[in-house]
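Colleague: When we follow our numbering, the leftmost residue of the sequence shown carries the number 664, and every step to the right adds one.
Beta carbons are placed, not taken as given, at the ideal position from N, Cα and C, and that holds for glycine.
Since the structure is predicted, the reported quantities are computational estimates derived from the model, not experimental observations.
One structure, pasted below without further comment.
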Amino acid sequence: MAHDRWDGAGPGTTRCAPDWLALREPADATARAAALLGPLRASLSTVGGRLVIRDVGCGTGSMARWLAPRLPVPQHWILHDRDAALLARASVTGAGVTTETHHGDLDELDLAGTSLVTASALLDLLTVSEVDGLAGSCAAAGCPALLTLSVTGRVELIPADPLDAEIAAAFAAHQRRNGLLGPDAVAVAALAFERRGAVVRLAPSPWRLGPRQRRLTEQWFRGWVAAARAQAPGLDTAAYTRRRLDACAAGELRAVVHHTDLLAIGAS
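Listed below in structure tokens is the structure:
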């Protein structure tokens with residue numbers, strides 16, 4: 664579990680570098696859909712006492728660091744990830760906020776007593792059965808789910824280049840490898856929650872990258888192209904990559920990487 668992983672590492676390994684998570688955290692925080700916070704807070708207003716929030720695929724805790732100050736206290740966060748190295752770095756601080764960590768896979772999730780399930784950049788890394796299982800577990804526990812920053816497959820690079828669409832298509836195919844949902848994840852998750860009686864709200868949460876985010880833009884772009892090449896080795900991306908990285912270094916490249924946030928609230 665965790666975030667935008669295309670390196671092919673197996674279960675139980677460090678599949679997402681802490682430096683990458685730290686680099687992307689400000690962009691994630693800016694992108695997440697604040698419009699979903701009102702309905703979320705309203706759904707949690709009936710919870711008596713402390714909120715118990717389980718963050719699945721938590722990485723180093725960026726989702727909790729963003730959301731905790733925006734929810735009522737007291738809160739207890741249970742940070743789940745299958746990567747022990749990331750969990751060792753996970754932290755959330757704040758008045759009225761306590762935390763614990765849990766090392767394990769999604770199928771080991773126990774939602775008993777849970778007020779809210781959260782995840783960031785996770786849905787697109789799951790299969791149909793995993794998403795269905797998550798929706799079923801939330802419905803059984805009677806808790807809402809806030810699942811943010813799922814890729815949609817849409818990328819806009821400015822200025823445009825003739826090779827952009829081909830790279831984007833290969834990247835989307837790579838995201839769907841081995842049964843993963845990739846860009847189809849939000850639609851599949853929405854149906855899974857709706858089948859169980861939940862009200863589902865969707866909101867856009869795009870990264871908007873420009874000259875102020877050059878390091879992030881460069882690292883994202885390199886990973887985007889590498890994933891496309893892994894999927895389609897015949898792609899000739901050498902000159903394309905040089906053009907794009909030169910433009911990035913000059914502060915001339917902008918990118919909009921589209922994501923969608925999902926809030927599912929069960930029937931009361």
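#1: Taking the straight line between their C-alpha atoms, what separation do you get for L843 and L789?
#2: With a Cβ-Cβ cutoff of 8 Å, do D824 and R906 count as a contact?
#3: Is R717 helix, strand or coil by DSSP?
#4: Can you tell me where the beta strand (DSSP E) with S813 in it begins and where it stops?
#5: Check whether the Cβ atoms of L916 and L826 lie closer than 8 Å to each other.
#6: Any idea what DSSP makes of G846, helix, strand or coil?
#7: Quick one, which of W729, A748, G759, A753 has its alpha-carbon nearest H739's?
#8: Quick check on DSSP: helix, strand or coil for D924?
#9: Around the C-beta of A902, are 16 or more other C-beta atoms found within 10 angstroms, so that it is buried, or is it exposed?
#10: Could you tell me which residues DSSP pairs with Q738 in its beta bridges?
#11: Can you tell me where the alpha helix (DSSP H) with A748 in it begins and where it stops?
#12: Would a C-beta distance cut-off of 8 Å place T811 and S868 closer than the cut-off?
Modeller: Walking through what the data contain:
#1: 5 Å
#2: yes
#3: strand
#4: 808–821
#5: no
#6: The sequence as given places Pro at residue 846; Gly does not occur at that position. P846: helix per DSSP, three-state reduction.
#7: G759
#8: strand
#9: exposed
#10: L714, V760
#11: 747–752
#12: yes
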